[in-house]
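Structure first, then comments.
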Amino acid sequence: AKSEAQQQLVAEQWDFLCQLEMVGEEGAFVLGWDEVLTEEELSVTLKVLCMSEEEFKEYKEQDGWEDDSEEEENSTLSNAALSRLKAPCKALLYDSVLLTLESYRSDLRAEQDLLNKQVYEKLSRREQQALHVRYGQKRILHQLLELIQ
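1 is the number of the first residue of the sequence shown in full-length UniProt numbering; add one for each residue after it.
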(Lines of atoms letter the chains of each structure in order from A and count residues from 1; the text may use other names and numbers.)
(Lines give C-alpha, C1' and ligand atoms only; values in the text may rest on other atoms or scores of the structure.)
Protein backbone atom coordinates (compact mmCIF):
# COMPACT_ATOMS: atom_id res chain seq x y z
CA ALA A 1 0.00 0.00 0.00
CA LYS A 2 1.53 3.27 -1.12
CA SER A 3 -0.59 6.17 0.09
CA GLU A 4 -1.93 6.73 3.57
CA ALA A 5 -5.47 6.10 2.27
CA GLN A 6 -4.36 2.78 0.75
CA GLN A 7 -2.65 1.79 4.00
CA GLN A 8 -5.82 2.61 5.92
CA LEU A 9 -7.91 0.53 3.50
CA VAL A 10 -5.56 -2.46 3.80
CA ALA A 11 -5.67 -2.18 7.61
CA GLU A 12 -9.49 -2.14 7.54
CA GLN A 13 -9.56 -5.07 5.14
CA TRP A 14 -7.16 -7.05 7.35
CA ASP A 15 -9.22 -6.31 10.48
CA PHE A 16 -12.33 -7.47 8.63
CA LEU A 17 -10.60 -10.70 7.58
CA CYS A 18 -9.57 -11.26 11.21
CA GLN A 19 -13.19 -10.78 12.32
CA LEU A 20 -14.29 -13.35 9.72
CA GLU A 21 -11.55 -15.62 11.12
CA MET A 22 -10.06 -15.99 7.65
CA VAL A 23 -6.65 -14.91 8.91
CA GLY A 24 -4.84 -14.61 12.19
CA GLU A 25 -2.55 -11.75 13.08
CA GLU A 26 0.35 -13.50 11.32
CA GLY A 27 -1.59 -14.22 8.11
CA ALA A 28 -0.17 -17.69 7.48
CA PHE A 29 -1.59 -20.04 4.86
CA VAL A 30 -0.84 -23.72 4.31
CA LEU A 31 0.50 -24.69 0.90
CA GLY A 32 1.10 -28.18 -0.40
CA TRP A 33 2.86 -29.48 -3.51
CA ASP A 34 -0.34 -29.62 -5.55
CA GLU A 35 -2.74 -27.14 -3.98
CA VAL A 36 -3.41 -24.65 -1.23
CA LEU A 37 -4.60 -26.54 1.85
CA THR A 38 -6.23 -23.46 3.39
CA GLU A 39 -7.88 -22.53 0.10
CA GLU A 40 -10.97 -20.78 1.46
CA GLU A 41 -8.88 -18.55 3.70
CA LEU A 42 -6.40 -17.65 0.97
CA SER A 43 -9.09 -17.18 -1.66
CA VAL A 44 -11.16 -14.82 0.50
CA THR A 45 -8.05 -12.97 1.70
CA LEU A 46 -6.80 -12.32 -1.84
CA LYS A 47 -10.28 -11.31 -2.95
CA VAL A 48 -10.74 -8.82 -0.10
CA LEU A 49 -7.24 -7.36 -0.23
CA CYS A 50 -7.58 -6.76 -3.99
CA MET A 51 -10.92 -4.93 -3.67
CA SER A 52 -11.31 -1.23 -4.28
CA GLU A 53 -12.60 0.89 -1.42
CA GLU A 54 -16.11 0.86 -2.89
CA GLU A 55 -16.12 -2.91 -3.49
CA PHE A 56 -14.88 -3.51 0.04
CA LYS A 57 -17.52 -1.22 1.55
CA GLU A 58 -20.27 -3.14 -0.26
CA TYR A 59 -18.76 -6.52 0.66
CA LYS A 60 -18.44 -5.46 4.30
CA GLU A 61 -22.07 -4.29 4.44
CA GLN A 62 -23.05 -7.81 3.43
CA ASP A 63 -20.82 -9.23 6.21
CA GLY A 64 -18.71 -11.02 3.65
CA TRP A 65 -21.69 -12.73 2.05
CA GLU A 66 -22.44 -12.35 -1.60
CA ASP A 67 -23.57 -14.50 -4.47
CA ASP A 68 -20.39 -16.53 -4.95
CA SER A 69 -22.06 -19.75 -6.08
CA GLU A 70 -20.37 -19.77 -9.48
CA GLU A 71 -17.08 -18.62 -8.01
CA GLU A 72 -17.17 -21.23 -5.23
CA GLU A 73 -17.61 -24.07 -7.70
CA ASN A 74 -14.31 -23.09 -9.27
CA SER A 75 -12.53 -22.01 -6.10
CA THR A 76 -10.20 -24.97 -5.59
CA LEU A 77 -6.79 -23.38 -5.48
CA SER A 78 -4.83 -26.06 -7.28
CA ASN A 79 -1.51 -25.11 -8.80
CA ALA A 80 -3.23 -24.69 -12.16
CA ALA A 81 -5.84 -22.37 -10.63
CA LEU A 82 -3.15 -20.27 -8.94
CA SER A 83 -1.56 -19.58 -12.30
CA ARG A 84 -4.92 -18.20 -13.54
CA LEU A 85 -5.43 -15.68 -10.71
CA LYS A 86 -6.12 -12.08 -11.71
CA ALA A 87 -3.03 -9.90 -12.02
CA PRO A 88 -3.56 -7.90 -8.76
CA CYS A 89 -4.00 -11.12 -6.77
CA LYS A 90 -0.93 -12.66 -8.39
CA ALA A 91 1.12 -9.56 -7.58
CA LEU A 92 -0.03 -9.57 -3.95
CA LEU A 93 0.68 -13.28 -3.56
CA TYR A 94 4.04 -12.96 -5.32
CA ASP A 95 5.16 -10.13 -3.02
CA SER A 96 3.97 -12.10 0.02
CA VAL A 97 5.97 -15.15 -1.03
CA LEU A 98 9.08 -13.01 -1.55
CA LEU A 99 8.68 -11.53 1.94
CA THR A 100 8.30 -15.02 3.38
CA LEU A 101 11.46 -16.22 1.61
CA GLU A 102 13.34 -13.16 2.92
CA SER A 103 12.42 -14.16 6.47
CA TYR A 104 14.66 -17.24 6.21
CA ARG A 105 18.30 -16.83 7.14
CA SER A 106 19.49 -18.78 4.10
CA ASP A 107 18.31 -19.32 0.55
CA LEU A 108 17.31 -22.47 -1.31
CA ARG A 109 20.80 -22.91 -2.78
CA ALA A 110 22.38 -22.90 0.70
CA GLU A 111 19.96 -25.63 1.81
CA GLN A 112 20.80 -27.68 -1.28
CA ASP A 113 24.50 -27.37 -0.42
CA LEU A 114 23.79 -28.71 3.08
CA LEU A 115 22.13 -31.74 1.53
CA ASN A 116 25.55 -32.69 0.13
CA LYS A 117 26.29 -36.12 1.60
CA GLN A 118 29.55 -35.12 3.32
CA VAL A 119 28.05 -32.04 4.97
CA TYR A 120 24.69 -33.70 5.72
CA GLU A 121 26.28 -36.58 7.63
CA LYS A 122 27.97 -34.12 10.00
CA LEU A 123 24.61 -32.66 11.06
CA SER A 124 22.79 -33.98 14.13
CA ARG A 125 19.53 -35.86 13.56
CA ARG A 126 17.58 -32.79 14.69
CA GLU A 127 19.53 -30.52 12.31
CA GLN A 128 18.89 -32.96 9.44
CA GLN A 129 15.15 -32.93 10.12
CA ALA A 130 15.08 -29.13 10.39
CA LEU A 131 16.98 -28.92 7.10
CA HIS A 132 14.43 -31.14 5.37
CA VAL A 133 11.55 -29.00 6.66
CA ARG A 134 13.17 -25.71 5.60
CA TYR A 135 14.20 -27.12 2.24
CA GLY A 136 10.69 -28.43 1.58
CA GLN A 137 9.11 -25.12 2.59
CA LYS A 138 11.42 -23.15 0.32
CA ARG A 139 10.86 -25.50 -2.63
CA ILE A 140 7.08 -25.09 -2.27
CA LEU A 141 7.46 -21.30 -2.12
CA HIS A 142 9.73 -21.25 -5.18
CA GLN A 143 7.25 -23.46 -7.04
CA LEU A 144 4.50 -20.99 -6.15
CA LEU A 145 6.61 -18.09 -7.48
CA GLU A 146 7.02 -19.89 -10.79
CA LEU A 147 3.27 -20.53 -11.03
CA ILE A 148 2.25 -16.92 -10.47
CA GLN A 149 4.93 -15.08 -12.46
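Don't be surprised by glycine CBs; every beta carbon is placed ideally from N, CA and C.
Less than 7 Å separating the beta-carbons of residue i and residue j?
i, j, result
"residue 46", "residue 13", "no"
"residue 57", "residue 148", "no"
"residue 29", "residue 60", "no"
"residue 99", "residue 142", "no"
"residue 79", "residue 34", "yes"
Rounded to the nearest angstrom, what separates residue i and residue j at their Cα positions?
i, j, result
"residue 105", "residue 111", "10 Å"
"residue 52", "residue 119", "51 Å"
"residue 124", "residue 103", "24 Å"
"residue 55", "residue 62", "11 Å"
"residue 2", "residue 10", "10 Å"
"residue 8", "residue 18", "15 Å"
"residue 97", "residue 121", "31 Å"
"residue 117", "residue 129", "14 Å"
Measure the beta-carbon distance from residue i to residue j and round it to whole angstroms, keeping in mind my assumption that it falls under 8 Å.
i, j, result
"residue 39", "residue 77", "4 Å"
"residue 140", "residue 31", "5 Å"
"residue 115", "residue 94", "Contact doesn't hold; Cβ gap of about 27 Å is too wide."
"residue 144", "residue 82", "7 Å"
"residue 22", "residue 36", "Not quite, the Cβ-Cβ distance comes to about 13 Å (not below 8 Å), so this is no contact."
"residue 101", "residue 138", "7 Å"
Tell me whether residue i counts as near the ligand NAD, meaning its Cβ is closer than 6 Å to at least one heavy atom of that ligand.
i, result
"residue 61", "Ligands displayed in this structure: none; no statement on the ligand NAD is therefore possible."
- Ordered list of alpha helix (DSSP H) runs contained in the UniProt domain "Rubisco LSMT substrate-binding" (6 to 141), each at least 4 residues: 39 to 49, 53 to 61, 69 to 73, 79 to 83, 87 to 102, 108 to 114 and 117 to 122
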